[in-house]
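What follows is a single structure, written as structure tokens, with notes after it.
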Amino acid sequence: MKASTTPRSYADIIRRSFTSLLLMIGLIIILTVSITLTIDQLVRAQDQAARLSATLQTTQVSNFQDWLTVNRGSGLNSHNTFILIKNSDGTTTSFLPGARKIDADNAWSVPLTHLIYMKGQGLFFSETLKVGGQTYLLYIGMHVLLGNLHVLIAMLIIAIGLSLLLGLFFVRRLANRISRPTIELAQAAQTAAATPSVTQPKLPQPLEPVEINQLAQDFNQLLAAQNNRLQRERQFISDASHELRTPIATIRGNLKLIERRGEQHPEVIPESLGFIDQESLRMQHLIENLLHLSRADRAAVTLQPLALTTLARNVVAHYQPLVQQPLSLEAPTTPIRVNGDTDMLHQILTALLDNAHKYSPATSPISVRVAQDDQAVTLSVADQGSGIPAEDRTHIFERFYRVDASRSQKVEGSGLGLAIVSQLVQLNQGQITVQDNQPQGSIFTVRLTPAPDPKKISENP
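Next comes the structure, spelled out in structure tokens:
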């Protein structure tokens with residue numbers, strides 16, 4: 006049966022980890038102290054047994070009084086120490102403290118040590134010594150060691166228990182302190198999600214822990230980006246609705262005019278049909294531009310090397326018969342290659358020429374320039390129109406943005422051309438900027454990534 010996994014909080018994880026760590030440390034301390042004390046007592050017992058054995062080798066005892074004399078000289082506690090003497094004739098003499106009875110034959114020995122356990126008597130350190138025809142069995146009681154271990158382990162258990170209780174109290178406070186910023190951040194996020202607002206929501210940013218502070222900053226940046234995207238989408242819908250409402254209102258107005266006065270004044274019909282055709286064409290262009298933007302947002306482009314100079318020369322040659330302004334192209338004779346999409350770059354240059362044509366006088370020239378430096382390839386379109394104010398340059402690539410509302414009403418367009426250009430430039434991994442032209446006008450510059458020369462590649466395989 007699979008155990009259920011219940012998610013745990015910071016406090017639960019910290020408390021359980023701290024408790025396990027403290028218990029493990031306590032167990033290690035108990036084992037270390039017990040082993041150290043046992044080894045020390047065994048070494049002491051072995052040293053005392055060696056001194057007593059040396060005394061027994063030089064002074065063979067035959068009665069209890071002699072054994073007491075030897076025992077006092079060795080420094081042993083006669084109450085927990087005794088000797089069994091096995092004579093050569095098989096008899097046994099025992100020197101016991103008091104009237105104790107010892108059954109050494111039924112003792113249980115601890116492996117790899119000199120320790121034996123006698124039922125009813127306790128734990129002893131044993132040593133065997135043969136002197137002449139006698140065998141001396143020396144037993145030193147380890148009762149002091151066991152007593153000390155019992156007291157020590159009891160004291161350690163009490164100390165660890167108190168430390169655990171005190172530690173759990175402090176670790177609970179620590180866990181709550183650590184988890185409080187996370188809980189507050191989560192609650193603020195839930196509140197922001199449950200109560201959507203027009204203004205940008207902002208989550209609290211605690212100074213510590215640093216990780217939560219950084220997480221709150223990242224969340225706020227994400228919320229700011231999402232809010233900006235939402236605002237742009239709302240503005241886009243509002244602007245698109247406004248742009249579509251004008252031609253629709255014009256078409257409906259002219260249809261109403263034909264319906265009311267067409268029979269009595271047939272001369273208004275051709276003029277109204279002209280307005281209807283003009284506004285429907287404007288609405289068609291607007292819808293096409295919206296489709297271009299939608300496709301550009303979802304486009305997956307594969308960039309390939311292409312000759313930008315050849316593309317620019319062909320676009321200028323085809324565009325010149327369509328406008329009154331004289332066009333000029335400045336490009337090196339050696340082809341300049343870039344990584345890009347041919348159709349998109351064609352659309353970019355055409356849109357920039359359209360923009361220059363709309364906002365330039367009929368006789369002012371428009372120049373196209375293709376150049377290359379060590380880092381990038383530049384494609385620029387310069388006109389001698391009225392120019393773009395500095396405060397508007399950061400907004401001209403936004404959707405439906407028009408520089409001058411009064412002037413924009415006189416110029417055909419929906420304000421989507423430069424937004425489409427900016428999107429297409431990004432898809433080609435480029436950058437577009439605008440600056441003043443001298444003595445007047447604007448220069449739009451597109452920076453693209455240069456492509457390697459195929460001749461140099463073939464020469465350096």
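Per our numbering, the very first residue in the sequence shown carries number 6; after that it's consecutive.
Where is the CB? At the ideal position from N, CA and C, for every residue including glycine.
**Study point:** Three-state secondary structure assigned by DSSP to Phe402
**Key:** DSSP, read as helix, strand or coil, puts Phe402 in coil.
Practice item. Report the rounded CA-to-CA distance for Ala395 versus Val439, giving the unit in angstroms. Key: If you take the alpha carbons of Ala395 and Val439, they lie about 10 angstroms apart.
Exercise for review: Output yes or no for whether 8 angstroms exceeds the beta carbon distance between Phe224 and Leu208.
Suggested key: Yes, Cβ-Cβ distance for Phe224 and Leu208 is below 8 angstroms.
**Study point:** Length-filtered (4 minimum) alpha helix (DSSP H) runs lying within the stretch 316 to 388
**Key:** The DSSP assignment places complete alpha helix (DSSP H) segments of no fewer than 4 residues inside the stretch 316 to 388 at 347 to 363, in order along the chain.
Practice item. Thinking Leu313 and Val375 are a contact (beta carbons under 8 angstroms), I'd like their distance in whole angstroms, please. Key: In this structure, Leu313 and Val375 form a Cβ contact; the two beta carbons are roughly 6 angstroms apart against a cut-off of 8 angstroms.
**Study point:** Simplified DSSP assignment, three categories, for Gly435
**Key:** Reduced to three states, the DSSP call for Gly435 is coil.
Practice item. Determine the DSSP secondary structure at Leu28, reduced to helix, strand or coil. Key: Note: Leu28 maps to helix in three-state DSSP.
Point to revise | Secondary structure of Glu132, DSSP reduced to three states | key: Glu132 falls in the strand class under three-state DSSP.
Review point. Among the residues of its own chain, which have a CB less than 6 angstroms from the CB of Leu169, if the five just before and after it don't count?
Key: Within the same chain, Leu169 has close Cβ partners Leu27.
Exercise for review: Use the C-beta contact count for Thr1: other C-beta atoms within 10 angstroms, 16 or more gives buried, fewer gives exposed.
Suggested key: With the chain covering only 6 through 466, there is no way to say anything about residue 1.
Check your understanding: Roughly how many angstroms lie between the CA atoms of Leu358 and Ile256, to the nearest whole one?
Key -> Between the alpha carbons of Leu358 and Ile256 lies a gap of roughly 30 angstroms.
Check your understanding: If you compare alpha carbons, which of Ile188, Gln195, Gln236, Ala199 is closest to Asn218?
Key -> Of the candidates Ile188, Gln195, Gln236, Ala199, the residue whose Cα lies closest to the Cα of Asn218 is Ile188.
Practice item. Output the distance between the C-alpha atoms of Asn433 and Thr196, rounded to the nearest integer angstrom. Key: If you take the alpha carbons of Asn433 and Thr196, they lie about 41 angstroms apart.
Point to revise | Minimum C-alpha distance to Ala361 - residue among Leu179, Ile371, Leu220 | key: When C-alpha distances from Ala361 are compared across Leu179, Ile371, Leu220, the shortest belongs to Ile371.
Check your understanding: What whole-angstrom Cβ distance do Ala453 and Gly435 have, given they're in contact under 8 angstroms?
Key -> The identity of residue 453 in the sequence shown is Leu, whereas the question assumes Ala. The beta-carbon distance between Leu453 and Gly435, rounded to whole angstroms, is 4 angstroms. This is short enough to meet the 8 angstroms contact definition.
Practice item. Can you say whether Thr383 is buried or exposed, counting buried as having 16 or more other CB atoms within 10 angstroms of its CB? Key: That one is buried.
**Study point:** Beta carbon of Gln53 nearer than 8 angstroms to that of Ile183
**Key:** Taking 8 angstroms as the Cβ cut-off, Gln53 and Ile183 do not qualify as a contacting pair.
Review point. Which value, in whole angstroms, describes the spacing of the CA atoms of Asp346 and Pro310?
Key: For Asp346 and Pro310, the distance between alpha carbons rounds to 8 angstroms.
Point to revise | Candidates Thr368, Met29, Met147, of which the one nearest Gln325 by Cα | key: Closest by alpha carbon: Thr368.
Review point. How would you call Met160, buried or exposed, if buried means at least 16 neighbouring beta carbons within 10 angstroms?
Key: With fewer than 16 Cβ atoms within 10 Å of its Cβ, Met160 is classed as exposed.
**Study point:** Rounded C-alpha distance that separates Gln352 from Val426
**Key:** Between the C-alpha atoms of Gln352 and Val426 there is a straight-line separation of about 8 angstroms.
**Study point:** Alpha-carbon spacing of Ile18 relative to Gly172, whole angstroms
**Key:** The straight-line gap from Cα to Cα measures roughly 15 angstroms.
Practice item. Could you tell me if Leu296 is buried or exposed, where buried requires 16 or more neighbouring beta carbons within 10 angstroms of its beta carbon? Key: Label assigned to Leu296: exposed.
Review point. How would you write the range of the beta strand (DSSP E) that Gly390 sits in, first residue to last?
Key: Secondary structure note for Gly390: it is in no beta strand (DSSP E), with a DSSP letter that is neither H nor E.
Exercise for review: Determine, using beta carbons only, whether Phe23 and Val176 come nearer to each other than 8 angstroms.
Suggested key: Their beta carbons are under 8 angstroms apart, which means Phe23 touches Val176 by this criterion.
Check your understanding: Using the beta-carbon count (16 or more within 10 Å), is Phe129 buried or exposed?
Key -> If you draw a 10 Å sphere on the C-beta of Phe129, you find 16 or more other C-beta atoms in it, and that means buried.
Practice item. Check each candidate in Gln380, Phe174, His155 and name the one with the smallest Cα separation from Leu36. Key: Looking at the Cα atoms, His155 is the closest of the given residues.
Review point. Any idea what DSSP makes of Met123, helix, strand or coil?
Key: Secondary structure at Met123: strand, using DSSP grouped into helix, strand and coil.
Check your understanding: If you compare alpha carbons, which of Tyr141, Glu132, Leu151 is closest to Gln126?
Key -> Taking only the C-alpha atoms, the option nearest Gln126 is Leu151.
Point to revise | beta strand (DSSP E) segment containing Thr140, residue limits | key: Residues 139 to 146.
Check your understanding: How is Ser14 classed by DSSP in three states: helix, strand or coil?
Key -> Residue state for Ser14 is assigned as coil, using DSSP reduced to three classes.
Review point. Is Leu134 closer than 8 angstroms to Leu120 when the C-beta atoms are compared?
Key: Cβ distance not < 8 angstroms, so Leu120 and Leu134 don't count as in contact.
**Study point:** DSSP beta-bridge partners of Asp441
**Key:** Residue pairing by DSSP places Asp441 opposite Ser447 in a beta bridge.
Exercise for review: Helix, strand or coil for Ala395, going by three-state DSSP, please let me know.
Suggested key: The answer is helix: DSSP assigns Ala395 an H, G or I state.
Review point. Between the C-alpha atoms of Met6 and Pro12, what's the straight-line distance to the nearest angstrom?
Key: Only weak support exists for where Met6 lies, its pLDDT of 44 falling under 50; the value from the coordinates is given anyway. Per the coordinates, the alpha-carbon of Met6 lies some 19 angstroms from the alpha-carbon of Pro12.
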